[in-house]
Amino acid sequence: MNVQILGSKVYKKLNMSEVEEEQTPLPIYHRNDHKGHLPIDKDSVVIKVRDNLKKLEWSVPVYESQSYLSMPLKRTSIYKIPKFMKDIEPKEYEPHMVSFGPYHHGNKHLHQMEQKKQKVFQHVAKDNAATFELILSEVSKILEDLYEAYDDLDHEKWRKDDDAQAKFMQMMIIDACFLLVFFSEDERYKSQITSKSEIKRDILLLENQLPFKLLQLLYSISSIKVRVLNL
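Here UniProt numbering is used: the first residue of the sequence shown is 1, the next is one more, and so on.
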C-alpha cells in the first residue's frame with residue numbers, strides 16, 4: 001500500500017490485489033429475485049403453514065364445526081339487487097308491466113297485468129282440466145324448493161300460515177303459466193298477451209325470476225308448447 005500526501009489530506013493508494021482481498025463477498029441472488037429478496041425456502045414455509053393450519057383447526061370447537069358441516073346447503077338461485085345499486089337508479093331494477101315471483105308481486109302499477117295473468121291462467125286451466133289436480137299435487141311437492149330459491153323472501157307475507165303458503169303457491173302457478181304462454185307456439189294463447197316488448201324487458205330482470213324447476217314441471221305436465229326462446 002502506498003501513501004501519498006496531497007496538501008493537508010492523506011490518500012491511500014491501494015493495489016487491486018489488496019482490494020480483492022479486503023472486500024466482503026456479496027450474496028448471490030437468483031435472477032428472478034425482486035428487490036434483493038432472499039430465495040424462498042419451500043420446506044420451511046410448508047412446515048410453518050402446516051403448523052399454523054393445525055392450530056387453526058383445533059381452535060374451532062368440535063361442536064361448532066360439526067353443526068356447521070351438518071347444516072343443509074340452501075338452494076338459492078334468485079337474489080335481490082344490492083341496496084346501494086338500487087338507490088342510484090331504482091326504476092331500472094323494477095318491472096314496468098308484469099311481475100314474476102314474490103319480490104314485486106302486488107305493486108300497484110302492475111295490478112292491471114295481474115288481472116291479465118289470471119285470465120290467461122283460466123284458459124290454461126280449461127285446456128288442462130284433466131291434469132289440473134296433478135299440477136297442484138306436483139307443485140306442492142316442490143314448494144319447499146320454491147321457497148328456498150329466493151334469497152330475501154318476506155316470510156311474514158308468504159309463509160307464516162296456511163293462507164300465506166297457499167297464496168305463494170297460487171302466485172307461482174299463475175306466474176309460471178303466464179311465462180310459458182308468453183313463449184307458446186299456440187295461437188290461442190298469443191292473442192291473450194300484448195305489450196310484448198315491455199314484458200320481454202321485465203322477464204330479464206334479476207328480481208323478476210321464477211325457479212326453473214317450476215317451469216320445467218309445468219311444461220312437462222301441461223299442454224303448453226314453448227318455442228325456442230329468442231329475446
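From the three backbone atoms N, C-alpha and C, an ideal C-beta is built for every residue, glycine too. Please read all numbers here as calculations on a predicted model, not as lab measurements.
- When DSSP reads this structure, ILE78 sits in a beta bridge with TYR150.
- By the neighbour-count criterion, in which 16 or more other beta carbons inside 10 Å mark a residue as buried, ASP175 falls on the buried side.
- Bounds of the alpha helix (DSSP H) holding ILE203 are 196–203.
- Looking at the DSSP output, VAL226 shares a beta bridge with SER184.
- Here the stretch 103–116 does not lie against the stretch 214–221, with fewer than 3 beta-carbon pairs under 8 Å apart.
- Setting aside the 5 residues that flank it on each side, ASP202 is surrounded in the same chain by PRO95, HIS96, MET97, VAL98, SER99, PHE100 and ASN208, each with a C-beta closer than 8 Å to its C-beta; the list follows chain order.
- Listed in chain order, the non-local C-beta contacts of THR131 below 7 Å within the same chain comprise ILE221 and SER222, local neighbours out to five positions each way being set aside.
- Per the coordinates, the alpha-carbon of GLN170 lies some 31 Å from the alpha-carbon of MET85.
- DSSP, read as helix, strand or coil, puts ILE135 in helix.
- Here the stretch 187–202 makes no contact with the stretch 148–164; the two share fewer than three CB pairs at distances below 8 Å.
- The C-beta separation of VAL181 from VAL120 comes to about 5 Å, placing the pair in contact by the 8 Å criterion.
- Remark: C-beta atoms of LEU214 and LEU146 approach each other more closely than 8 Å.
- Classified as buried, ALA149 has 16 or more neighbouring CB atoms from the shown chains inside 10 Å of its CB.
- Between ILE81 and TYR93 the beta-carbon gap is near 5 Å, inside 8 Å, which marks them as a contact.
- Annotation: the continuous alpha helix (DSSP H) that includes HIS155 extends over 155–158.
- Here DSSP, grouped into helix, strand and coil, assigns MET113 to helix.
- For GLN216, the uninterrupted alpha helix (DSSP H) segment begins and ends at 212–221.
- Of the other Cβ atoms in all chains shown, 16 or more fall within 10 Å of the Cβ of VAL124; this residue is therefore buried.
- Between the alpha carbons of SER184 and LYS225 lies a gap of roughly 5 Å.
- The alpha-carbon separation between LYS126 and ILE142 amounts to approximately 23 Å.
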